[in-house]
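To start, the structure itself, in structure tokens.
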Amino acid sequence: MPWDERSYDAIVIGGGHNGLVCAAYLAKAGKRVCVLERREVLGGCSVTEQLWPGYRVSTAAYVISLFLPEIIRELRLHEYGLKILPRNPSSFTPLLDGRYLLMGPDEQASCAEIAKFSRRDAEAYPRYQRFLERVAEVLEPLLTKPAPDPLPLPRRWRAISWGKKLHDAQHLWQLFQALGRLEEDLPEALELLLGAARPLLERWFESEVLRATLATDGIIGAFASPSSPGTAYVLLHHVMGRATGVRGVWGYVQGGMGGLAEALAGACQDLKVDILREAEVTRILVENHQVRGVALADHRVVKAPVVASSIDAHWTFLRLLAPHELPESFLKAVSRIDYSSASAKINLALGEPPRFRCWPASGIGPHLHGTIHICPTLDYIEQAYADARAGWPSTEPVLEVTLPSSVDQTLAPPGKHVMSIFVQYAPYHLASRSWDEIKEDFADRCLELLGRYAPNVPKAGRASSGVEPGGPGANLPFDRGQHHARSDEPPSTFFPAACSRICRPPYPGRGFISVWGRSASRRWRNGSGRPECRLPNPQGFPHLATEMPDVPQ
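If you count the sequence shown from 1, position 330 lands on 328 in the numbering used here, and the numbers rise without skipping.
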């Protein structure tokens, strides 16, 4: 049957991890589902690409922990090839004076490392970990449930059924009860949820290297400094994840992050989900204020009464729907969402592993298994942020460096390695000049900075000075991203990343939870095939499914 004659119970726009999770759960519930992916490769930001012969690179996202174990279990992703490799140790912070801080899931070993800088901090660190874990244990179950609507909405925006109102009231009561379980920890927990990372870390610890190492967990991927409200909450994310089987331990997906997408695609295919690649959606079709399907760039039409979008809100509401199909106030609200990030990413192919001045031994040591932090103090991070606020890439940027081939030998030829450098801050909007003019200089500056700590890296990278804008990986699904590859093989790749996906944090890094894809699939009205938010009036929203009632699993 031709594609333009097919019809489904639901269409999922975007074959990223949330879109595939949503499709799989809908199919498990007996729905006929179609996933439409613009690119030839699935995964969205969870992709592995061979940028150079023999080198497999996680072009965007690069580590995993928050992906729900329930999803792995319920979709049997291990049976479809998903293998997560834990990182131990998980954190290495070298200093120019020859010292270093090495930390990981072994708390006793971490405390011994911290004691090199402060015995007081070594004693406080287990208490700090227990505090974060207590708060995480209370909040984590709530993240797996659909977010309630606690505030009244204008009637002309949408009609909410009494069933949903009762459901929301139940969720709010559960939140109230959960916070009550924190008892004496509640005041500091509220500061953790709403406040800044810096004052909290300064109260707990006195050594700058420990403060700075932990602070990166709060600001990673955000256009924010450790003094910005909201950064303390992100500290929780690094004790929440259990994808590796151990709480708070992050890992690499074997074969690169694309291994997650491949496993999800395998589960979808066995559940009879139709996945169409290179199928760019150009319009969500609306008739009489009801969604009828989507139109593709090649003029085909796919029909369904429900469309679930896993792409960003700008693309979904401002490009795929006509302005008259949405309330003006809603369009203004969506247009005010700012996806501009201040993160950059450099992918390198290395001829040899890095050799740090503070760890001169050659070969793959345990310090290369996890994230390597180049940020010695909190003030260093603050200054890097101040540069970006002024509209210029950080003179001394914060670097988070990973060497996934130290744990996963499938990514590079024998003896060779792939390195990922996550850089902050690189503002998408510059005060003067353009990224095309400065990106080579900035990439070189990042490598020069890393070279102060590991002198062999700039040479090991064998990167040339030629520029090829829009090189390998330029088709990543970023709303405001750039990407380039240097011309000689093996080159470096670099992009200021201002990306966002509905249901995931606004950077191509590591916040792969997929709870939103799962929740969206479960919020389907039994037997009706319609989303919970019904809009009977002409000024309301069409039936674009972002929330659906529960369906049996």
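For glycine and all other residues, C-beta sits at the position ideal for the given N, C-alpha and C.
None of the values given here were measured: they were computed from a predicted structure.
May I ask you to report which of helix, strand or coil DSSP gives Y378?
Counting from 1 along the sequence shown, the entry for residue 378 is found at position 380. Under the three-state reduction of DSSP output, Y378 falls in the helix class.
Quick check on the DSSP output: the beta strand (DSSP E) that includes Y23 runs from which residue to which?
On the sequence shown, position 25 is the one that residue 23 refers to. Per DSSP, Y23 belongs to no beta strand (DSSP E); it is in the alpha helix (DSSP H), H15 to K26.
Leaving out five residues before and five after P475 in sequence, what residues of the same chain have Cβ atoms less than 6 Å from its Cβ?
The sequence position of residue 475 within the sequence shown is 477, counting from 1. Here the model assigns P475 a pLDDT of 43, short of 50, so the residue's position is not dependable and the matter cannot be decided.
If we require 4 or more residues per run, which alpha helix (DSSP H) segments fall completely within the segment 352 to 417?
DSSP runs (the alpha helix (DSSP H)) wholly in the segment 352 to 417: 376 to 387.
Taking W390 as the reference, give the member of E278, R37, A340 and L397 with the closest Cα.
Within the sequence shown, numbered from 1, the residue matching residue 390 stands at position 392. For the set E278, R37, A340 and L397, the Cα lying nearest the Cα of W390 is the one of A340.
Are S333 and I11 close, meaning C-beta to C-beta below 8 Å?
Numbered from its first residue, the sequence shown carries residue 333 at position 335. Numbered from its first residue, the sequence shown carries residue 11 at position 13. With contacts defined as CB atoms closer than 8 Å, S333 and I11 fail to qualify as a contacting pair.
Would you call the CB atoms of Y98 and C266 closer than 8 Å?
Against the sequence shown, residue 98 aligns to sequence position 100. Against the sequence shown, residue 266 aligns to sequence position 268. In this structure, the beta-carbon distance from Y98 to C266 does not fall below 8 Å.
DSSP bridge partner residues for W50 (one or two, in chain order):
Within the sequence shown, numbered from 1, the residue matching residue 50 stands at position 52. Bridge partners of W50: Y53.
Measuring straight from C-alpha to C-alpha, what distance separates A441 and R450?
Position 443 of the sequence shown, counted from the start, is the residue given in the question as residue 441. Position 452 of the sequence shown, counted from the start, is the residue given in the question as residue 450. When rounded, the distance between both Cα atoms is 15 Å.
Candidates Y250, A331 and A22, of which the one nearest T46 by Cα:
As a first step, residue 46 is located in the sequence shown; it is residue number 48 there, counting from the start. The candidate whose alpha carbon is nearest that of T46 is Y250.
Is the distance from the Cβ of Y378 to the Cβ of Y423 below 8 Å?
The residue you call residue 378 lines up with position 380 of the sequence shown. The residue you call residue 423 lines up with position 425 of the sequence shown. Against a cut-off of 8 Å, the Cβ pair of Y423 and Y378 comes out as no contact.
Measure the alpha-carbon distance for E181 versus H235 and round it to whole angstroms.
Indexing the sequence shown from 1 puts residue 181 at position 183. Indexing the sequence shown from 1 puts residue 235 at position 237. Approximately 21 Å between the Cα atoms of the pair.
Per-residue DSSP class, three states only, for L274:
Stepping through the sequence shown from its first residue, residue 274 is reached at position 276. Of the three classes helix, strand and coil, the one that applies to L274 here is strand, per DSSP.
So if DSSP puts F90 in a beta bridge, which residue, or which two residues, is it bridged to?
Position 92 of the sequence shown, counted from the start, is the residue given in the question as residue 90. In the DSSP output, where bridge partners are listed per residue, F90 has L100 and I370.
What does the alpha-carbon distance come out to for the pair I82 and H415?
If you number the sequence shown from 1, residue 82 lands on position 84. If you number the sequence shown from 1, residue 415 lands on position 417. If you take the alpha carbons of I82 and H415, they lie about 19 Å apart.
Please determine, among Q381, F420, P425 and A347, the residue with the shortest C-alpha to C-alpha distance to K457.
The residue labelled residue 457 in the question sits at position 459 within the sequence shown. When each option's Cα is compared against that of K457, the closest is A347.
Length of the line joining the Cα atoms of A210 and Q252:
Counting from 1 along the sequence shown, the entry for residue 210 is found at position 212. Counting from 1 along the sequence shown, the entry for residue 252 is found at position 254. Cα to Cα, the separation comes out at about 29 Å.
Out of curiosity, what's the CA-to-CA distance linking T280 and H312?
Residue 280 sits at position 282 when you count from the first residue of the sequence shown. Residue 312 sits at position 314 when you count from the first residue of the sequence shown. It is roughly 13 Å from the alpha-carbon of T280 to the alpha-carbon of H312.
Can you grab the Cα-Cα spacing for the pair Q106 / S116, in whole Å?
To locate residue 106, count along the sequence shown from 1; it is residue 108. To locate residue 116, count along the sequence shown from 1; it is residue 118. Approximately 15 Å between the Cα atoms of the pair.
Under 8 Å between the Cβ atoms of I9 and V292?
Counted from its first residue, the sequence shown places residue 9 at position 11. Counted from its first residue, the sequence shown places residue 292 at position 294. Between I9 and V292, the CB-CB gap stays under 8 Å.
Please state whether the Cβ-Cβ distance between A122 and A113 is less than 8 Å.
Here residue 122 refers to the residue found at position 124 of the sequence shown. Here residue 113 refers to the residue found at position 115 of the sequence shown. Result no, Cβ atoms of A122 and A113 do not sit closer than 8 Å.
Return helix, strand or coil for R282, following the three-state DSSP convention.
What you label residue 282 is simply residue 284 of the sequence shown in a count that begins at 1. Reading off the sequence shown, one finds Ile at residue 282, where the question assumed Arg. Strand at I282.
Note down, in chain order, each residue of its chain lying with its Cβ closer than 8 Å to the Cβ of R179, except the 5 sequence neighbours on either side.
In the sequence shown, the residue the question calls residue 179 occupies position 181. If we look at R179 and ignore the five residues flanking it on each side, its Cβ neighbours are V136.
A582 and R196: beta carbons closer than 8 Å?
Residue coverage of the chain in this structure runs from -1 to 551, which leaves residue 582 outside it and unanswerable.
Let me know the beta strand (DSSP E) ranges lying completely inside the segment 221 to 264, each 3 residues or longer, listed in chain order.
Fully enclosed beta strand (DSSP E) runs of 3 or longer: 249 to 251.
Across the segment 21 to 31 and the segment 52 to 62, are there enough close Cβ pairs to call them in contact, namely three or more that are closer than 8 Å?
no
What does a CB cutoff of less than 7 Å around D215 pick up in its chain, not counting 5 residues either side in sequence?
Taking the first residue of the sequence shown as position 1, residue 215 is located at position 217. V232, L233 and H236, listed in sequence order.
Terminal residues of the continuous beta strand (DSSP E) containing L294?
Within the sequence shown, numbered from 1, the residue matching residue 294 stands at position 296. Taken as a continuous stretch (DSSP letters only), the beta strand (DSSP E) holding L294 covers Q288 to L294.
In three-state terms, what does DSSP make of G216?
Mapped onto the sequence shown, residue 216 falls at position 218. The answer is helix: DSSP assigns G216 an H, G or I state.
If I'm right that E206 touches L376 with Cβ under 8 Å, what's the distance once you round it to whole angstroms?
Sequence index remark: in the sequence shown, residue 206 carries index 208 (1-based). Sequence index remark: in the sequence shown, residue 376 carries index 378 (1-based). Indeed they touch by this definition, with Cβ atoms about 7 Å apart.
F328: which of A21, P152, F129 and L18 sits nearest, CA to CA?
Position 330 of the sequence shown, counted from the start, is the residue given in the question as residue 328. The candidate whose alpha carbon is nearest that of F328 is P152.
Per-residue burial, H297 [other beta carbons within 10 Å of its own, 16 or more giving buried]:
For the purposes of this step, residue 297 is identified with residue 299 of the sequence shown, where counting begins at 1. Answer is exposed; the Cβ neighbour count stays below 16.
From the DSSP output, which residues share a beta bridge with G41?
As a working mapping, residue 41 is identified with position 43 in the sequence shown. In DSSP, G41 forms a bridge with G14.
Rounded C-alpha distance that separates G368 from R85
Translated into positions along the sequence shown, residue 368 becomes position 370. Translated into positions along the sequence shown, residue 85 becomes position 87. About 6 Å.
DSSP state of V299 mapped onto helix, strand, coil:
The residue given as residue 299 occupies position 301 in the sequence shown. Of the three classes helix, strand and coil, the one that applies to V299 here is strand, per DSSP.
Beta-bridge partners of V421, as assigned by DSSP
Stepping through the sequence shown from its first residue, residue 421 is reached at position 423. According to DSSP, V421 bridges with A342 and L397.
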